[in-house]
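S.K.: Those letters in the sequence shown? Residues 157 to 383, per this note's numbering, in order.
Before we start, here is the structure in question, set down as structure tokens.
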Amino acid sequence: MPGHDEGALLLLSGASGAADAFVFLCVGQVFAGVMTGNLVLLGASAAGAGEDGVALKVAVALGAYFCGVAAGALMAGRRGPRVRVLLGAEVVLLGAAAALWGLELVTSYGDRLGLLALVAVAMGVQGRVRVTPTNYFTGTLTSLAGRVALRELRGGDGWVLGRLAAVAAGAALAALAERWWSPGAALGAVVMAAGALVLETVPYRGGRPGPGKGKPRPDRGNPAGAV
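Rendered as structure tokens:
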């Protein structure tokens, strides 16, 4: 596979981990991109568990993510450089969130909800960038574990492992930044998303694949992340 393509997927996976860790640590007990986890938190909150106000945070995250996916679908439906447009929108949203946090302009509960909404919209947009999942991985891990058990590993499974590792690395980066330099806690996601945009913008050697070339691997064919 082209190095640019796989590199962009790794960077987006890292951005997803960094964004979720930043929101969980700095907004509190909610995710920006892992909607399955948010639904679990919503159910637990309805039963009286967890911190006060979690249900509202989850509702904001779910609504914002939905809006991001919808906006991404509309943008992807237009002609032109769709991936670059989507990534550009994501970088702007994550950059705005990082600036608000880094300049210490997030001072109230309402401000934190707005910050959460910005990052969740960005993650929703990212979900439409590629068919290959870069911000939800349960299906990816499930399918990989099944292939390991059946000894049916594929040539691209090294990249699957790389994306899973990138999520953890991105989350670790955000957590370390939050611990040692809190104003920069949101920068990791911005930098990695911007890096993916650069890779998607720089032409491949010999040009980008034309129609009928560079077809998706099997791990790109299931939008639910089954592989």
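The beta-carbon is built from N, C-alpha and C at its ideal position, and this holds for glycine as well.
Could you check what DSSP says for Gly228 in three-state terms: helix, strand or coil?
M.R.: Gly228: helix per DSSP, three-state reduction.
S.K.: Consult DSSP for Pro339 and reduce its assignment to one of helix, strand or coil.
M.R.: In the structure shown, Pro339 sits in a helix (DSSP, three-state: H, G or I).
S.K.: Ala205 to Pro339, Cα distance in whole Å?
M.R.: The alpha-carbon atoms of Ala205 and Pro339 are separated by roughly 30 Å.
S.K.: Note down, in chain order, each residue of its chain lying with its Cβ closer than 7 Å to the Cβ of Met279, except the 5 sequence neighbours on either side.
M.R.: Excluding sequence neighbours, Met279 sits near Ser172, Ala175, Ala188, Gly189, Tyr221, Gly224, Asn291.
S.K.: Using DSSP with H/G/I as helix, E/B as strand and the rest coil, what is Asn291?
M.R.: Here Asn291 sits in coil by DSSP.
S.K.: Considering only the alpha carbon of each residue, which of Ala352, Gln282, Asp161, Leu259 lies closest to Trp337?
M.R.: When each option's Cα is compared against that of Trp337, the closest is Leu259.
S.K.: What residue does the alpha helix (DSSP H) around Gly251 start on, and which one ends it?
M.R.: It spans 238-258 - the alpha helix (DSSP H) in which Gly251 sits, taken as one unbroken run.
S.K.: Counting Cβ pairs closer than 8 Å, one from the segment 239-255 and one from the segment 202-216, do we hit at least three?
M.R.: Cβ pair count under 8 Å is below three, so no.
S.K.: What number of angstroms, rounded off, separates the C-alpha of Gly388 from the C-alpha of Ala342?
M.R.: The requested residue 388 does not occur in the structure, where the chain is confined to residues 157 to 383.
S.K.: When you compare the segment 303-323 with the segment 191-202, are there three or more beta-carbon pairs, one atom per stretch, that lie closer than 8 Å?
M.R.: No, because fewer than three Cβ pairs between the segment 303-323 and the segment 191-202 fall closer than 8 Å, the two stretches do not touch.
S.K.: Do you know offhand how far Tyr297's Cα is from Arg268's?
M.R.: Position check: residue 297 holds Leu in this sequence, whereas Tyr was assumed. Straight-line Cα distance between these residues: approximately 32 Å.
S.K.: Could you please give the first and the last residue of the uninterrupted alpha helix (DSSP H) stretch that includes Gln282?
M.R.: Residues 265-282.
S.K.: Look at the alpha carbon of Ser299 and the alpha carbon of Leu306, and state the distance between them as a whole number of angstroms.
M.R.: Rounded to whole angstroms, Ser299 to Leu306 spans 11 Å at the Cα level.
S.K.: Whole angstroms are fine: how far does the CA of Gly184 sit from the CA of Gly283?
M.R.: If you take the alpha carbons of Gly283 and Gly184, they lie about 22 Å apart.
S.K.: Leu167 and Gly312 - do their beta-carbons sit closer together than 8 Å?
M.R.: Against a cut-off of 8 Å, the Cβ pair of Leu167 and Gly312 comes out as no contact.
S.K.: What's the gap between the Cα of Ser169 and the Cα of Ala322?
M.R.: Their backbone Cα atoms lie some 6 Å apart in a straight line.
S.K.: How big is the Cα-Cα spacing for Gly295 and Gly302?
M.R.: If I take the Cα positions, the gap works out to 11 Å.
S.K.: With H, G and I counted as helix, E and B as strand and the rest as coil, what does DSSP make of Phe187?
M.R.: If DSSP states are grouped into helix, strand and coil, Phe187 belongs with coil.
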